[in-house]
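The structure under discussion appears below in the form of structure tokens.
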Amino acid sequence: MNILLLTYYFPPDLSAGSFRSGALVDALLGQMDSHDQLRVVTTHPNRYAEMRTAGGSQFHDDERFSVVRASIPAHRSGFVDQALGFRHFARAAWEAALAFKPDLVVATSSRLATAALGAAVARRNGAKLYLDLRDIFTETLADVVSTGPMRTLIPLFSRVEHWALRRADRINIVSPAFADYFGPIVGHREFSTFTNGVDSLFLEAIPPGLNRDSAQRIVMVAGNMGDGQGLHRIIPQVAERLEGTGLTFRLIGGGGRRPELENALEQSDAGRFAEIRDPIPREELIEQYHEASVLFLHLNDLRAFDRVLPSKIFEYAATGLPIVAGVKGYARRFLDENVVGAFTFDPCDVDGCLAALKASAAGPPRYDRTKFVERYARCNIMKQMAREILLHGQIS
176 MNILLLTYYF PPDLSAGSFR SGALVDALLG QMDSHDQLRV VTTHPNRYAE MRTAGGSQFH
236 DDERFSVVRA SIPAHRSGFV DQALGFRHFA RAAWEAALAF KPDLVVATSS RLATAALGAA
296 VARRNGAKLY LDLRDIFTET LADVVSTGPM RTLIPLFSRV EHWALRRADR INIVSPAFAD
356 YFGPIVGHRE FSTFTNGVDS LFLEAIPPGL NRDSAQRIVM VAGNMGDGQG LHRIIPQVAE
416 RLEGTGLTFR LIGGGGRRPE LENALEQSDA GRFAEIRDPI PREELIEQYH EASVLFLHLN
476 DLRAFDRVLP SKIFEYAATG LPIVAGVKGY ARRFLDENVV GAFTFDPCDV DGCLAALKAS
536 AAGPPRYDRT KFVERYARCN IMKQMAREIL LHGQIS
């Protein structure tokens, strides 16, 4: 069986999609028969403009496995830039599929385009289609874009979304709450729910010695700084009120809203209590976690985010450090019910954030989350998902 995996991000790139795809490929290679072949179509690392090179990949071509990478022009994570970059990826996928003749197409997608591309490639090659849906693009876009030309395209995106999902033979959703949105589109058929999880890299990574007793306690924020995270709507406002608390923000990452966030910090007293650093490989990020007292997560106050389950929750939880999270909906319920030492507040609520930070300081410096880590170990989740994909491909 020839399996074609379409994923815009893939190791060594730095993104949730990359980490997930890498773990899925590991699981597939561990379970494939000797006559099966897996080809990945992806891009060269391009997630952050601040970090164009991210080291080497652990994946190397052999007789069963190969990677085709499309070169993407430099961009600043804007919608137009990403759309132009996707054209290169789509062309590479189309050409690779024609040469590879896949029996099964697997597309992991957060922004609809890869799902639609997977549907088109599968149809062109008479292949089965397995979709892994990591986000709800159309609903999110409707919340983010209130006016302008992009708003007029939402009905078109909705039609593409309906077509791609109805073309799929099997659909996985990373958040159980997605079923309420996608269910009516595909006639309420059953979904798989293989969530994100804790990568083995983080299982034994954080030593017991923590930066809790120092005069300055670091509130660490790691990851993307875009519209989805809304950090520009919370960090400057909270940082302005950290005088005398012993707290300071350290943000590591990049994204479309980083310039706005940097500007807001530079033009106020908030800059004294927050610093921004460029993205770094995950191995180096672990060293940064060693210096942290609290880990901070935030999603923008948008209706679409009521359904999401951020992958960063799993990474943060593995450290045992207190987590302060500005989330609502399913993510908030998940944290409250599953992650001890998580202090939640409403998105963009400055007073609520300060109260959560204060509550986190009153608790222990580290929490035992052994059961959570065992339940959500990424390698086990991906093994189950790979088993389903391979079984699905064999069914006539």
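Just so you know, the working numbering puts the end of the sequence shown at 571, numbered straight through with nothing missing.
Idealized CB from N, CA, C, for every residue including glycine.
None of these values were measured; they are calculated from a predicted model.
- Between alanine 339 and alanine 267, the C-beta gap is not smaller than 8 Å, which leaves the two residues out of contact.
- Here serine 193 carries a helix assignment [DSSP, helix/strand/coil].
- For isoleucine 360, the three-state secondary structure derived from DSSP is helix.
- A distance of 8 Å or more separates the beta carbons of glycine 501 and tyrosine 542.
- For alanine 536, there is no enclosing beta strand (DSSP E); the enclosing alpha helix (DSSP H) covers residues 525-537.
- The DSSP assignment places 449-452, 469-473 and 498-501 as complete runs of the beta strand (DSSP E) inside the segment 442-503, in order along the chain (cut-off: 3 residues).
- Annotation for threonine 370: no alpha helix (DSSP H) segment contains it, and DSSP assigns it neither H nor E.
- With a cut-off of 8 Å on Cβ pairs, the segment 193-212 is not in contact with the segment 470-480, counting fewer than three such pairs.
- Looking at the backbone, the Cα of alanine 493 and that of threonine 327 are separated by about 42 Å.
- Apart from the 5 residues on each side of it in sequence, arginine 345 sits with its Cβ closer than 6 Å to the Cβ of Tyr305 and His567 in its chain, given in chain order.
- Under the DSSP assignment, threonine 283 falls in the beta strand (DSSP E) whose first and last residues are 279-284.
- Straight across, the Cα-Cα distance linking aspartate 355 with asparagine 438 is about 39 Å.
- Taking a cut-off of 8 Å for Cβ pairs, the segment 401-417 and the segment 369-379 do not touch, as fewer than three such pairs fall below it.
- Between the segment 445-458 and the segment 416-434, the count of C-beta pairs closer than 8 Å reaches three or more; the two stretches touch.
- For arginine 553, the enclosing alpha helix (DSSP H) covers residues 553-569.
- With 16 or more other Cβ atoms inside 10 Å of its own Cβ, lysine 503 counts as buried.
- 8 Å or more divides the Cβ of valine 349 from the Cβ of leucine 180.
- Between proline 277 and alanine 302 the beta-carbon gap is near 5 Å, inside 8 Å, which marks them as a contact.
- A buried status is given to glycine 293, since no fewer than 16 other beta-carbon atoms sit within 10 Å of its beta-carbon.
- Contact check for glutamine 463 against methionine 400 fails: the beta carbons are separated by 8 Å or more.
- Counted as a single uninterrupted DSSP element, the beta strand (DSSP E) harbouring serine 241 occupies residues 240-245.
- With at least 16 other beta carbons inside 10 angstroms of its own, isoleucine 564 counts as buried.
- Put simply, the backbone Cα of glutamate 415 is about 14 Å away from that of leucine 532.
- For glycine 192, the CB contacts under 7 Å within the same chain, skipping 5 residues up- and downstream, are Thr182, Tyr183, Tyr184, Thr283, Ser285 and Arg309 in chain order.
- Per DSSP, methionine 207 lies in no alpha helix (DSSP H) segment and is marked neither H nor E.
- For phenylalanine 547, no beta strand (DSSP E) encloses it; the enclosing alpha helix (DSSP H) starts and ends at 545-550.
- Closest by C-alpha distance to glycine 362, out of Gly372, Arg341, Ala352 and Ser246, is Arg341.
- Asparagine 177 has Gln212 as its beta-bridge partners, per DSSP.
- The Cβ atoms of isoleucine 393 and threonine 420 lie no closer than 8 Å to each other.
- Across the structure, phenylalanine 480 and threonine 315 are spaced so that their CA atoms are roughly 8 Å apart.
- Around the Cβ of serine 209, a 10 Å sphere holds fewer than 16 other Cβ atoms; the residue is exposed.
- Classified as buried, leucine 460 has 16 or more neighbouring CB atoms from the shown chains inside 10 Å of its CB.
- With contacts defined as CB atoms closer than 8 Å, arginine 239 and aspartate 211 qualify as a contacting pair.
- For methionine 325, the enclosing alpha helix (DSSP H) covers residues 324-327.
- Within the segment 394-428, the runs of alpha helix (DSSP H) at least 4 residues long that lie entirely inside it are, in chain order, 410-414.
- Distance between aspartate 318 and arginine 482, taken at the CA atoms: about 13 Å.
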